[in-house]
Amino acid sequence: MARQRRTRTEAHRLIRQHLSTPDGAWSPTRIFGPSTPTEELHGFDDQYPSPAEYRGGVLGWILRLYHSRSRQNSIFSGSSGLTTPADSPPASGASTPTWFSSANKSWSSSSLAGLLGNAASFGEKSSPRFKHHGEKKGRQRSYSATALATMQRVLRVKNARQIEQNIAETISCQKFLVRLCRALMLFGAPTHRLEENMQTCARMLSIQAQFLYIPGSMIVAFDDLKTHTSDVRLVRVEQGLDLGKLRDVHEIYKQVIHKHISVDPAIARLEDVVNRESKHSRWFRIVVFGLAAMSVGPFAFGARIIDLPVAFVLGCILGFLQLVMSPQSKLYANVFEIAATVITSFLSRAFGSIRDVNGKYMFCFAALSQSSIALILPGYIVLCASLELQSRSMIAGSIRMVYAIIYSLFLGFGITIGSTLYGIMDTNATSATTCESPMKEPYFFAFVPLFTLCLIIINQAKWKQAPIMLIIAIAGYLANYYSSKKFTGNTQISNTIGALVIGLMANLYSRVGASMENRLINLWERISPLSYTLKRMEEGRPRVSNRRVGYGLAAAAMLPAIWVQVPSGIAVNGSLISSIASADQITGTAQNGTTVANNSTMMAAASPLNTIAFTVGYSVIQVAIGITVGLFLSAIAVYPLGKRQSGLFSL
Numbered sequence: 001m002a003r004q005r006r007t008r009t010e011a012h013r014l015i016r017q018h019l020s021t022p023d024g025a026w027s028p029t030r031i032f033g034p035s036t037p038t039e040e041l042h043g044f045d046d047q048y049p050s051p052a053e054y055r056g057g058v059l060g061w062i063l064r065l066y067h068s069r070s071r072q073n074s075i076f077s078g079s080s081g082l083t084t085p086a087d088s089p090p091a092s093g094a095s096t097p098t099w100f101s102s103a104n105k106s107w108s109s110s111s112l113a114g115l116l117g118n119a120a121s122f123g124e125k126s127s128p129r130f131k132h133h134g135e136k137k138g139r140q141r142s143y144s145a146t147a148l149a150t151m152q153r154v155l156r157v158k159n160a161r162q163i164e165q166n167i168a169e170t171i172s173c174q175k176f177l178v179r180l181c182r183a184l185m186l187f188g189a190p191t192h193r194l195e196e197n198m199q200t201c202a203r204m205l206s207i208q209a210q211f212l213y214i215p216g217s218m219i220v221a222f223d224d225l226k227t228h229t230s231d232v233r234l235v236r237v238e239q240g241l242d243l244g245k246l247r248d249v250h251e252i253y254k255q256v257i258h259k260h261i262s263v264d265p266a267i268a269r270l271e272d273v274v275n276r277e278s279k280h281s282r283w284f285r286i287v288v289f290g291l292a293a294m295s296v297g298p299f300a301f302g303a304r305i306i307d308l309p310v311a312f313v314l315g316c317i318l319g320f321l322q323l324v325m326s327p328q329s330k331l332y333a334n335v336f337e338i339a340a341t342v343i344t345s346f347l348s349r350a351f352g353s354i355r356d357v358n359g360k361y362m363f364c365f366a367a368l369s370q371s372s373i374a375l376i377l378p379g380y381i382v383l384c385a386s387l388e389l390q391s392r393s394m395i396a397g398s399i400r401m402v403y404a405i406i407y408s409l410f411l412g413f414g415i416t417i418g419s420t421l422y423g424i425m426d427t428n429a430t431s432a433t434t435c436e437s438p439m440k441e442p443y444f445f446a447f448v449p450l451f452t453l454c455l456i457i458i459n460q461a462k463w464k465q466a467p468i469m470l471i472i473a474i475a476g477y478l479a480n481y482y483s484s485k486k487f488t489g490n491t492q493i494s495n496t497i498g499a500l501v502i503g504l505m506a507n508l509y510s511r512v513g514a515s516m517e518n519r520l521i522n523l524w525e526r527i528s529p530l531s532y533t534l535k536r537m538e539e540g541r542p543r544v545s546n547r548r549v550g551y552g553l554a555a556a557a558m559l560p561a562i563w564v565q566v567p568s569g570i571a572v573n574g575s576l577i578s579s580i581a582s583a584d585q586i587t588g589t590a591q592n593g594t595t596v597a598n599n600s601t602m603m604a605a606a607s608p609l610n611t612i613a614f615t616v617g618y619s620v621i622q623v624a625i626g627i628t629v630g631l632f633l634s635a636i637a638v639y640p641l642g643k644r645q646s647g648l649f650s651l
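Counting in full-length UniProt numbering, the sequence shown tops out at residue 651, every number present.
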């Protein structure tokens, strides 16, 4: 209610501000009646048709109020009876016209004024015997003038209140669209459908709007075809990732789309979601960073049991740099990736150079250096770029893909700097790019759900989202792993198969997840204890409906699974750790560890320095192409199972 009062107050202030000018300062020639716009955006007709009539803009409603006031003043301006008639009323005995209606203008204002003026002059020139009769007519004229003035005020107030209500509703709808766009960008909504979802929501609110997404900002234009004007807003948000809040925003979006709640409660709920504290504390997430680095090593980079404690420490260092140091300094945040990789690679090579009593290296440098930075690999960036290119969003997809490649080059360059710095200090530093005696095949599968659970906690997902995320991540990794053993030397095929399985399961979840959850809620209510129901009835608590509407959020369910795919794909190519070759060339040392494991690393070791950077970028492109094709095939396979309604947050 308070929000509605504030909106009405703002609309009232706008009306008073525009009505402060004298009457007749602006007189339009025609009324701005409701019209259906003819310029429509194509490509969204499969979701919701265009409304029969869009809401007018704020300027259009104010101009309509100007016109209504000017028209009423012109109609009632002759009530004083002092003007000379310019026209004569109709001479026939027809019925009295409804001259105060906007649809009938048979009598002009000058005719009305002339009629009253003639009556006044006739009364003044009458004979004395009709004097008493003239006084009665004068009294009747004063009564009619008072009635006309009262009618004028009533019509003006009624019209102003109606227009004020329309302006308040338009302002509320525009505020909701802007805040919804800001919340979706802030919490990591799938960007390839952001424009489409916002357009669908605007249509359901009868708002004529256009949206243009550029990475990091959204240009919103609220059109008013009645006045041929546009209100352009720039929504600029530093894109983040919070899967739990994203789910809540998605639920609000679906309820507005299906008309379960109005705009004002939706705005209040959006503000509550945005202002809500994080699900997990900062220091707890730093510890989870260490657990994630420890769990990703065995199945992605060949880490051993002895390497896990060191990987935990390096992961905690990365979490401290990202969650504590980076938010405090904007300058440091810009170089966070390079600083983190320099520190972790320096410490990784230092630990990897420690020898045991037999002269062998105790820790694996390759596994430590890569697992410690696994959480800042461009997994989410590659996913968004792949989906944008798949949906033909060339501008946003190309920008994000190039950024993912440059971002990977930063990581490889940071590893080179850190390894070189320690190589200068220690001439006997390790240069091994593989691990001796890695963990065997059946055992490292147990670390995949552990790493996925760490990703769920770090990205603030809800616990009810965890089961489906774990299932999709495990299935995608198993498909990728066994297909890579079948198609040796071709990472694109294995990444494609893994992404295909992930996309199929995520899209199926988005189709049937909401209905299954509603059925489980119904089952729980049936088997819930009767005493709990009676207690709720005694306390007078209303029955709260937890039913979900629309489809589920497929992109959020598949995001941890994509993060599992990206480290594995980059590790197979050996692109990140291949920068150790350039460090050896800089320090003038030769490889004194084990031999390299694949062609990519051998080529990097024998190639010039400038070729190694392109190896990193090429591996990211390979992973991105595989994920893009797999997700595209999954969308084709699941699409015939249902119509795309209500702006799906699917693939």
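By construction, the Cβ of each residue, glycine as well, lies at the ideal position given by its N, Cα and C atoms.
### Query
Taking just the CA atoms, how far does E195 sit from V324?
33 Å
### Query
Can you tell me whether A499 is buried or exposed, with buried defined as 16 or more other CB within 10 angstroms of its CB?
buried
### Message
Whole angstroms are fine: how far does the CA of L186 sit from the CA of I167?
### Response
28 Å
### Query
So is W563 buried or exposed if we call it buried at 16+ other beta carbons inside 10 Å?
buried
#### Entry: Cβ neighbours of G319 in the same chain (closer than 6 Å, five flanking residues each side left out)
I286 and F289
### Query
Going by C-alpha distance, which of C384, M362 and T416 is nearest P438?
M362
#### Entry: R236: first and last residue of the uninterrupted beta strand (DSSP E) it sits in
T229 to R236
### Query
By how many angstroms is the C-alpha of E441 removed from the C-alpha of A635?
32 Å
### Message
Using a Cβ-Cβ cutoff of less than 8 Å, which residues in the same chain neighbour V178 once the five nearest sequence positions on both sides are dropped?
### Response
V220, R233 and V235
### Task
Rounded to whole angstroms, what's the CA-CA distance from V296 to A374? Just pull it up for me.
7 Å
### Among V448, L450, Q390 and I338, nearest to S419 - alpha-carbon criterion
I338
### Message
Can you look up M218 in the DSSP assignment and give me helix, strand or coil?
### Response
strand
### Query
Roughly how many whole angstroms lie between the Cα atoms of G240 and R161?
42 Å
### Task
Would you tell me roughly how many angstroms separate the C-alpha atoms of A268 and I625, rounded to the nearest one?
41 Å
### Query
So, is V402 buried or exposed, given that buried needs 16 or more other C-beta atoms within 10 angstroms?
exposed
### Query
Using CA coordinates, which residue listed in H258, L308, A189 and R203 is at the minimum distance from A555?
A189
### Task
Just tell me which of V638, L383, K486 and Y407 has its CA closest to the CA of T191.
L383
### F444 in three-state terms, based on DSSP
helix
### Task
In angstroms with no decimal places, state the Cα-to-Cα distance between V273 and K254.
15 Å
#### Entry: Collapsed DSSP secondary structure at R355 in the structure displayed
strand
### Query
Where does F632 sit, in a helix, a strand or coil, going by DSSP?
helix
### Query
Is the CB of A637 under 8 Å away from at least one CB in chain B?
Within the model displayed, chain B is absent; a lone protein chain is all it includes.
### Query
Which whole-angstrom value is the C-beta distance of G476 and I502, which I expect to be below 8 Å?
4 Å
### Message
Suppose contacts are defined by Cβ-Cβ distances below 8 Å. Is L347 in contact with L314 by that definition?
### Response
yes
### Message
What does the Cβ neighbour count give for F284, buried or exposed, with the cut at 16 atoms within 10 Å?
### Response
exposed
#### Entry: Outcome for S483 when other beta-carbon atoms lying within 10 angstroms are tallied against a minimum of 16
buried
### Task
Note down the Cα distance separating P309 from M294, rounded to an integer number of angstroms.
7 Å
### Query
Exposed or buried, which one is E388 when buried takes at least 16 other CB atoms within 10 Å?
buried
### Message
Using the Cβ count rule (16 or more neighbours within 10 Å means buried), how would you classify S531?
### Response
Model confidence at S531 stands at a pLDDT of 48, short of 50, so the residue's coordinates are unreliable; what they give is reported in the following sentence. Exposed: under 16 other Cβ atoms inside 10 Å.
### Query
Do three or more CB pairs link the segment 420-427 to the segment 240-251 at distances below 8 Å?
no
### Query
From S353 to L409, what distance separates their C-alpha atoms?
25 Å
### Task
Give the C-beta separation of S371 and F301 to the nearest angstrom, bearing in mind that I take them to be a contact with Cβ-Cβ under 8 Å.
5 Å
### Query
Nearest CA to the CA of H228: which residue from A209, G412, A266 and W463?
A209
#### Entry: L212 - partner residues in DSSP beta bridges
I219
### Query
Using the C-alpha atoms, what's the distance from K485 back to K175?
53 Å
### Query
So, using beta-carbon positions, are S172 and D264 closer together than 8 Å?
yes
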